[in-house]
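Undergrad:
Numbering (our numbering), first residue to last: -3 to 302.
(1) Ignore the nearest five residues each way along the sequence and tell me which others in residue 90's own chain have a CB closer than 8 Å to its CB.
(2) Applying the criterion that 16 or more other CB atoms from any shown protein chain within 10 Å of the CB defines a buried residue, is residue 95 buried or exposed?
(3) On the DSSP letters alone, give me the boundaries of the alpha helix (DSSP H) that residue 299 sits inside.
(4) Would the stretch 220 to 234 count as touching the stretch 135 to 145 if we require 3 or more Cβ pairs under 8 Å?
(5) Near residue 189, which residues of its chain fall below 8 Å by C-beta distance, leaving aside the five closest residues on each side in sequence?
(6) Buried or exposed for residue 97, going by 16 or more other Cβ atoms inside 10 Å?
(7) Would you tell me roughly how many angstroms separate the C-alpha atoms of residue 18 and residue 293, rounded to the nearest one?
(8) Which word fits residue 113, buried or exposed, when buried means at least 16 other C-beta atoms lie within 10 angstroms of its C-beta?
(9) For residue 285, which residues of its own chain have a beta-carbon under 6 Å away from its beta-carbon, when the five flanking residues on both sides are left out?
(10) Return the chain-ordered ranges of every alpha helix (DSSP H) run that is complete within the stretch 71 to 156 and spans a minimum of 4 residues.
(11) At what residue ranges does the stretch 165 to 252 contain a whole run of the alpha helix (DSSP H), taking only runs of 4 or more?
(12) Please determine, among 100, 85, 75, 146, the residue with the shortest C-alpha to C-alpha distance to residue 259.
(13) Given a threshold of 16 other Cβ atoms within 10 Å of its Cβ, counted over all protein chains shown, does residue 123 qualify as buried or as exposed?
(14) Going by the CB atoms, is the gap between residue 229 and residue 126 shorter than 8 Å?
(15) Hey, how far is the Cα of residue 296 from the Cα of residue 290?
(16) Once the 5 residues before and after residue 131 are set aside, which same chain residues still bring their CB inside 7 Å of it?
(17) For residue 79, which residues in the same chain have their Cβ closer than 7 Å to its Cβ, ignoring the five residues on either side in sequence?
(18) Rounded to whole angstroms, how far is the Cβ of residue 159 from the Cβ of residue 195, which I believe are closer than 8 Å?
(19) Quick one: residues in its chain with C-beta nearer than 7 Å to the C-beta of residue 133, no 5 flanking neighbours on either side, listed in chain order?
(20) Tell me whether the beta-carbon of residue 261 lies closer than 8 Å to the beta-carbon of residue 186.
(21) With a 10 Å radius around its C-beta and 16 neighbouring C-beta atoms as the bar for buried, classify residue 74 as buried or exposed.
(22) Is it buried or exposed for residue 237, if we count other Cβ within 10 angstroms and need 16 for buried?
(23) Alpha carbon to alpha carbon, how far is residue 216 from residue 283?
(24) Spatial neighbours of residue 387 within its chain, please: C-beta separation below 7 Å, excluding the five flanking residues on both sides.
(25) Taking the alpha-carbon positions, what's the residue 88 to residue 165 distance?
(26) Tell whether a beta-carbon distance below 8 Å holds between residue 128 and residue 176.
(27) Report yes if the C-beta distance between residue 205 and residue 191 is below 8 Å; otherwise report no.
(28) Short check: CB of residue 181 to CB of residue 170, under 8 Å?
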C-alpha cells in the first residue's frame, strides 16, 4: 500500500510486514506516475522519490537544479553556460600561452622538446578527470546508500565529465608519447594502463546507461561500478611514485626532477583552474539535462496513462 503526495506532502510505503516505512518528502512536485511499478518489491523506496536528506544536506544545489522558486531550469542553464564559457576561455588562454609564451625546455632532456608544450593541456585535463571521478564516486555512494535522486544525477554527470576529460588526457598523452617515445602507448606502464581503465569505466557507464531501461537494478549496478572503480584513482595518482617505468614523474611535488620554473608553474596553474571551472560547469549542465530527461519521462508516462 502506498500513500503518495506532491511537493512537501509525506508518503509511506508498506513493505508487506505491516510496518510503515516512516514519512519521507518528495523533493520536487512528483506525480504518482513517477513511482516505478516495482517499488512494492523493493526494500526501501522507488527510484523517483528523493529523501529529504537532499534538502537537508544540499539545499542550494537542489534549489539550483530543481526549484522553480530559484529560477528553475532557465537559471541553471544560464549559470552552467556561464561557468562553461569561463572554463573554455581559460583553457583557450592556457593553450595560447603554452604555445606562444611558455619557455622552451632543454633539447638535451627530451627527444622532442616542442611536444612537451602539450603537457599544459595534458596535466590539467588529468587533474580535472580525477575531480570528475570524485563526483562519480560521491554520486554513486549517495544513490546506493541513500537512494538520493540528486546522487544519481551526480553519478551520471561525473561519468560523462570523466569520459570527456579522460579522453582529453589519453589523446594528449598519446600525442606526446608518439613524439617522445616513438610509440603512443606502453602496455608495461602502470599509470597509463590504470588511467586507461578509468576512462574505459566512464565510457562503460555512459554507454551502458543509454542502453538500459532506467530502474532500481540498473542504477544499483552502475553505482556499484562507480564505487569500486574509484579505487583506480589513488592507484593512478601514486603509480609513478611506486613504479617509475616510462611515464614521467610528478611535475609538482615530485622532488628536484619535478620542479618547474615560475613561468611554467603559472601557466600550468591557469590550466588547472580553467579545467576545474570547466568540470563544475559540465557537471552542473549535465545534472540539469538529466533532470529535464526525468521530467519528460514523467510527462510521457502521465500521457500514456491518461
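Just so it is clear, CB atoms sit at the ideal spot from N, CA and C, and this is done for glycine as well.
Remember, it's a predicted structure, so these values are computed and weren't measured experimentally.
TA: With the structure as the only source:
(1) Taken in chain order, the residues that qualify are 116, 117, 120, 263, 266, 267, 270.
(2) By the neighbour-count rule (16 or more Cβ atoms within 10 Å), residue 95 is not buried but exposed.
(3) Annotation for residue 299: the continuous alpha helix (DSSP H) segment containing it runs 258 to 301.
(4) At 8 Å Cβ cutoff, the stretches touch.
(5) Excluding sequence neighbours, residue 189 sits near 183.
(6) Under this definition residue 97 is an exposed residue.
(7) With a pLDDT of 40 at residue 18, under the threshold of 50, the predicted position of this residue should be treated as unreliable, though the coordinate-derived value follows. Straight through space, the alpha carbons of residue 293 and residue 18 are spaced by roughly 27 Å.
(8) By the neighbour-count rule (16 or more Cβ atoms within 10 Å), residue 113 is buried.
(9) Within the same chain, no Cβ atom closer than 6 Å to the Cβ of residue 285 is found once the five residues on either side in sequence are excluded.
(10) The qualifying runs are 115 to 142.
(11) If we require 4 residues or more, the alpha helix (DSSP H) runs fully inside the stretch 165 to 252 come out as 186 to 207, 212 to 225, 228 to 238.
(12) Just measuring C-alpha positions, the residue of 100, 85, 75, 146 sitting nearest residue 259 is 100.
(13) When all chains shown are included, residue 123 counts as buried.
(14) Yes, Cβ-Cβ distance for residue 126 and residue 229 is below 8 Å.
(15) The C-alpha of residue 290 is placed about 10 Å away from the C-alpha of residue 296.
(16) Excluding positions up to five away in sequence, the list reads 150, 153, 154, 157, 279.
(17) Close CB contacts of residue 79 within its chain, under the 7 Å cut and outside five residues either way in sequence, are with 273, 276, 277, 280 (chain order).
(18) Their Cβ separation, rounded to whole angstroms, is 7 Å, which keeps residue 159 and residue 195 in contact under 8 Å.
(19) Apart from the 5 residues on each side of it in sequence, residue 133 sits with its Cβ closer than 7 Å to the Cβ of 222, 223, 226 in its chain, given in chain order.
(20) Not closer than 8 Å, so no.
(21) A residue is called buried when at least 16 other Cβ atoms come within 10 angstroms of its Cβ; residue 74 does not meet this threshold and is exposed.
(22) That one is exposed.
(23) Cα to Cα, residue 216 sits roughly 18 Å from residue 283.
(24) Given that the chain is displayed from residue -3 to residue 302, the structure contains no residue 387 and the question cannot be resolved.
(25) Between residue 88 and residue 165, the C-alpha separation is close to 16 Å.
(26) Contact check for residue 128 against residue 176 fails: the beta carbons are separated by 8 Å or more.
(27) At the C-beta level, residue 205 and residue 191 stay beyond 8 Å of one another.
(28) Yes, Cβ-Cβ distance for residue 181 and residue 170 is below 8 Å.
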